[in-house]
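When the letters of the sequence shown are read in order and numbered with the numbering used here, they come out as residues 5 to 522. The block underneath contains the structure these notes are about, expressed in structure tokens.
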Amino acid sequence: MKIFSVKTPSKTFGLLLKLAAMGSINGFALWAIPLLLRNHTYGFAAYFIFATFVLDVVYFSRRKFIPAKYIAPGVLLLMLFSVYPSIYTGYVAFTNYSTGHIIDKKTAVSEIVANSYQSLGDATPIPMTVAKDAASGELTLLLTLPQVGPEAGNAKGLTPLAADSVTQDSKGVITAAKGYTILTSDQANNETDALTALKVPGPNGSVYVANDLQSAQQEVQSLKYDAATDTITDIQSGATYKPDSNGEMKSAAGTILQPGWTQVVGWRNFSYVIHDKNFRQPLFQVLWWTFAFAILVVTTTFFAGLALGLALNHPKLRAKKLYRSLLIIPYAMPGVLAALVWVGMYNQDTGVINRMFGIHVPWLTSPWWAKAAILLQQLWAGSPYMFLIATGAIQALPSEVLEAASVDGASPRQVFTKIKLPLVLLTLSPLLIASLAYNFSNFNAIYLLTGGGPLMQNSGGLAGSTDILISYTYKLAFSTGEGANYGLASTVSFLNFILVASLSMYGFSKSRTMENMN
């Protein structure tokens, strides 16, 4: 007797859902991979090929990869959104990637040459009309050239127009031309990008370009690139520009052509951070405050949360649920909104804190008071989290041990210091280490409350008294006043990563040691 297996409706629906999901993923890969290859983004193309292959094997194979079905999507997304940005940030730290050095060398040289056109002659505007070829629809400039007459110009060159085929106004502007459609002002405005890019070849290597919708000018190229010698030459002066170590074309006299290009500069950014006093001095001050901020925030919030947990865990206390609910409110509030509210409370003249206590403390303008303001705000914001995890750890303490300590005559202080605190620390050590690592990069706490200020003296405007490494990195990347310097910012971010990773590894190793001792 042959037995046939019959799929239930739920299994059929699950199969269809899987086919639809995997079909979408494979379809997206088939669309994205050729596009990435055409754009020379080979790394992402290789990733999508690898990821699609892994998912197909895991979900279509006859083998039962049950654990992989849950783990593979998360691992692949982790590689894309965490691992790759970390590796790329490390790479950028060894480059000159910054404002003026964003593009590659080939594009930079092309832009330098393309932007080297200068006005020829007395720069008298040439009467011009924007039109389109009636047959091909190609954008055309109808020009009235001095001593030449009317001509039609496109990207291929100039075409003479017979005098009887055009109509001109008193200023020489062509108002009608046989075989061409004159564009209105609105129509010409819609062609702005194409009009700006259009260069009509003229005599002796010159070009005609539009000034506006009614005039043009003749320009001539002043720079020429020689690929064989990898140099740019000024056609008029004869000056030669060669690539230097900073990704720029530079002459013997020190003149630099912009833009530059991105290139690897080795350890130069690290050398700047360590040896240049403009970076070294503020960096060391930022570094010690980063340590102090992270350690103080974790310590104060932990002991505040532990104290609240012990108090609300007392067997004789009533309305515990109400108190616990009230203590969760700071943790439930949006962090951005809470920080902005605290900024208002810290106002020196109208803030609630100064008015309530009748004081005039410059919370956000004094370096030390600003540090105190941040720690106080973080104590309010972080204590509920520590209270929650401490409450769980306290309730998980073995009652037999506590009862035995009481029988042996241990005082409440001894029970706390010798039993409760060590056991709670042992249980929560991984979370405390994670909290320490998080506060090393707690950008919102600094940026939203003080913006890193007040400004640190002798820092060249780069750092503030309350900046930590991550906010200092942000300022290096976007707020230096000289454009963005992503390479230097990535260097500081790279150092911050090494610091946090080293402390986390050390903390977890100590946590395992404590566990073994226990």
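No residue lacks a Cβ here, since even glycine has one placed at the ideal position from N, Cα and C. Computed from a prediction, not measured in an experiment: that's the story for all the values here.
Any idea what DSSP makes of residue i, helix, strand or coil?
i	result
Thr421	helix
Ala181	strand
Thr259	coil
Asp248	coil
Tyr544	Residue 544 lies beyond the residue range present for the chain, which begins at 5 and ends at 522; the question has no answer from this structure.
Asp230	strand
Pro205	strand
Gln352	coil
Thr188	coil
Gly161	strand
Val96	helix
Asp216	coil
Leu23	helix
Gln382	helix
Gln285	helix
Gln151	coil
Thr294	helix
Lys305	According to the sequence displayed, residue 305 carries Thr and not Lys. It is helical.
Val269	coil
Lys110	helix
Met253	strand
Val365	coil
Return the chain-ordered list of same chain residues with a C-beta closer than 7 Å to the C-beta of residue i, the five sequence neighbours on each side being excluded.
i	result
Val302	Leu436, Ser439, Leu440 and Asn443
Ser189	Leu217
Gln240	Ser226
Report all residues from its chain with a CB closer than 6 Å to the CB of residue i; omit the five preceding and five following residues, and keep chain order.
i	result
Thr179	Thr171 and Asp173
Gly1	Residue 1 is absent from the model: the chain starts at 5 and stops at 522.
Phe306	Met390
Tyr101	Thr266, Tyr490 and Gly491
Val117	Leu227 and Tyr229
What residues match up with residue i in a beta bridge as DSSP calls it?
i	result
Leu146	Thr133 and Ala156
Val224	Gln122 and Ser210
Ile116	According to DSSP, Ile116 bridges with nothing at all.
Ile236	Tyr229 and Tyr245
Lys324	DSSP lists no partner for Lys324.
Gln172	Ile178
Leaving out the 5 sequence neighbours to the left and right, which residues in its chain are closer than 8 Å to residue i when beta-carbon positions are compared?
i	result
Leu291	Leu473
Tyr451	Ser475 and Tyr478
Is the region 343–360 in contact with the region 455–467, if contact means three or more CB pairs nearer than 8 Å?
Under the three-pair Cβ rule at 8 Å, the region 343–360 does not count as touching the region 455–467.
Would you check if the region 409–428 and the region 469–489 touch, i.e. whether three or more CB-CB distances between them fall below 8 Å?
no
Do the region 119–138 and the region 217–232 make contact, defined as three or more Cβ pairs closer than 8 Å?
Flag = yes, the region 119–138 and the region 217–232 touch.
Mind the definition here: the region 378–393 touches the region 328–343 only if three or more C-beta pairs lie below 8 Å; say whether that holds.
yes
The region 385–404 / the region 305–316 touching (three or more Cβ pairs under 8 Å):
yes
What residue ranges within the region 438–516 form continuous alpha helix (DSSP H) runs of no fewer than 4 residues, ordered along the chain?
447–451 and 473–482
Could you tell me whether the region 258–278 touches the region 139–159, where touching means 3 or more Cβ pairs closer than 8 Å?
no
Within 8 Å, do at least three Cβ pairs link the region 56–64 to the region 74–90?
yes
So, do the region 144–153 and the region 103–123 have three or more beta carbon pairs nearer to each other than 8 Å?
no
Please confirm if the region 271–279 is in contact with the region 488–498, defined as three or more CB-CB distances below 8 Å between the two stretches.
yes
Closer than 8 Å is the cut-off here; do at least three beta carbon pairs connect the region 362–373 with the region 416–431?
no
Taking contact to mean at least 3 C-beta pairs separated by less than 8 Å, is the region 245–255 in contact with the region 223–237?
yes
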